[in-house]
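Enquirer:
In my numbering, the protein residues as written are 247 to 572.
1. For residue 397, list the residues DSSP reports as bridge partners.
2. For residue 352, which residues of its own chain have a beta-carbon under 7 Å away from its beta-carbon, when the five flanking residues on both sides are left out?
3. Return the first residue and the last residue of the beta strand (DSSP E) that residue 258 is part of.
4. Is DSSP giving residue 501 helix, strand or coil here?
5. Please classify residue 269: does DSSP put it in a helix, a strand, or coil?
6. Please go through the same chain and pick out, in chain order, the residues whose beta-carbon is closer than 6 Å to the beta-carbon of residue 339, but skip the five residues on each side of it.
7. When the Cα of residue 476 is compared with those of 557, 386, 515, 321, which residue comes out closest?
8. Would residue 379 and residue 388 be called neighbours here (beta carbons separated by less than 9 Å)?
9. Ignoring anything shorter than 4 residues, give me the alpha helix (DSSP H) runs that lie fully in the segment 486–546, in order along the chain.
10. Where does residue 540 land, buried or exposed, given buried means 16+ other C-beta within 10 angstroms?
11. Quick one: give me the first and last residue of the alpha helix (DSSP H) that residue 346 is part of.
12. Between the Cα of residue 453 and those of 416, 427, 363, spot the shortest distance and give me the residue it belongs to.
13. Let me know the secondary structure DSSP gives residue 248 once reduced to three states.
14. How about the segment 501–512 and the segment 438–457: do they share at least three Cβ pairs that are nearer than 8 Å?
15. In chain order, which continuous runs of the beta strand (DSSP E) of length 3 or greater are located wholly inside the segment 408–437?
16. Could you tell me how far apart the beta carbons of residue 262 and residue 327 are, in whole angstroms, since I believe they sit closer than 8 Å?
17. Helix, strand or coil: how does DSSP classify residue 483 here?
18. Measuring CB atoms only, is the segment 471–490 touching the segment 294–312, in the sense that at least three cross pairs come out at less than 8 Å?
19. From the DSSP output, read off the bridge partner residues of residue 298.
20. Measuring CB to CB, does residue 456 end up less than 9 Å from residue 399?
21. If we ignore side chains and look at the alpha-carbon of each, how far apart do residue 375 and residue 344 end up?
22. For residue 428 and residue 461, what's the separation of their Cα atoms in angstroms?
23. Please classify residue 432: is it buried, with 16 or more other beta-carbons within 10 angstroms of its beta-carbon, or exposed?
24. Within 10 angstroms of its Cβ, does residue 491 collect 16 or more other Cβ (buried), or is it exposed?
25. Using a Cβ-Cβ cutoff of less than 6 Å, which residues in the same chain neighbour residue 538 once the five nearest sequence positions on both sides are dropped?
26. Is residue 549 helix, strand or coil by DSSP?
In structure tokens, the structure reads:
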């Protein structure tokens with residue numbers, strides 16, 4: 247992350263500043279001298295004269311539209327919005343509706359670039375939140391607003407859910423062989439730097455940008471090896487068949503017709519199966535396979551260093567949320 251700089255007189259509109267990546271983006275923008283105008287339902291923790299908060303429900307299109315006359319001209323719009331649960335209604339309300347309201351606002355107040363934090367998994371959409379993300383990506387591309395769509399691989403925190411259990415002597419859970427899927431995880435700091443760089447790099451405008459952290463790609467089994475080596479303990483794993491998700495999903499199917507809650511439970515099971523069987527790497531459509539070599543890399547932070555820090559100091563502000571299992 248850059249060291250603090252003098253204010254550059256420019257403002258950036260940031261949605262999702264209370265989220266995991268959004269917090270890093272806010273700090274990175276301020277370190278570059280930007281004044282950050284945060285839009286969201288909850289107040290962010292940031293306290294700075296260069297950080298202004300506007301409490302608004304971005305899912306409420308009318309409330310967002312009412313901001314048009316009160317916002318200054320901005321040098322960019324960054325959206326780090328994302329569904330916390332992945333449930334069907336929440337996914338479309340946040341991933342599509344809220345972003346669409348933000349895009350409409352952007353079209354009215356600025357011609358600055360719109361930087362969208364998406365996800366690499368939308369390249370093979372099967373889940374509601376992925377369909378919602380793709381729908382907004384398509385809307386953004388067709389809008390005429392300069393854009394950069396950033397599709398990161400797994401975050402470090404997404405691979406931190408088992409650290410405490412392993413530290414307490416429990417087995418590391420993995421699906422199938424533990425080598426079926428892989429990713430190039432990226433830290434919050436490195437991803438924030440990449441997102442903010444998009445504001446100043448016209449060569450990234452009007453592009454979809456998959457991005458991972460420094461390689462090589464790492465499997466679940468290799469994650470376990472790192473953890474146990476750092477702890478100085480013998481490897482202890484438990485392998486769970488990924489078909490488990492499909493079996494439970496099938497058992498719930500007859501009842502979910504009458505229950506929105508059960509329908510969401512089935513969606514969560516589909517999410518679990520997806521991440522148990524699909525790599526977070528660039529999909530090579532021609533060869534029908536994930537290609538770690540073609541997955542772009544950025545940054546210098548490595549997962550092993552992150553694990554070491556967490557083992558020594560705890561997760562601190564790395565709130566796991568819905569990522570605990572993985």
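Cβ atoms here follow ideal geometry from the backbone N, Cα and C, with glycine treated the same way.
Expert: Quick answer:
1. 456
2. 323, 360, 391
3. 257–261
4. helix
5. helix
6. 305
7. 557
8. no
9. 489–502, 506–523
10. exposed
11. 345–355
12. 363
13. Unreliable positioning characterises residue 248 in this predicted model, as indicated by a pLDDT of 49, which lies under 50. A coordinate reading is not provided.
14. no
15. 418–421
16. 4 Å
17. strand
18. no
19. 283
20. yes
21. 13 Å
22. 11 Å
23. buried
24. buried
25. 463, 527
26. helix
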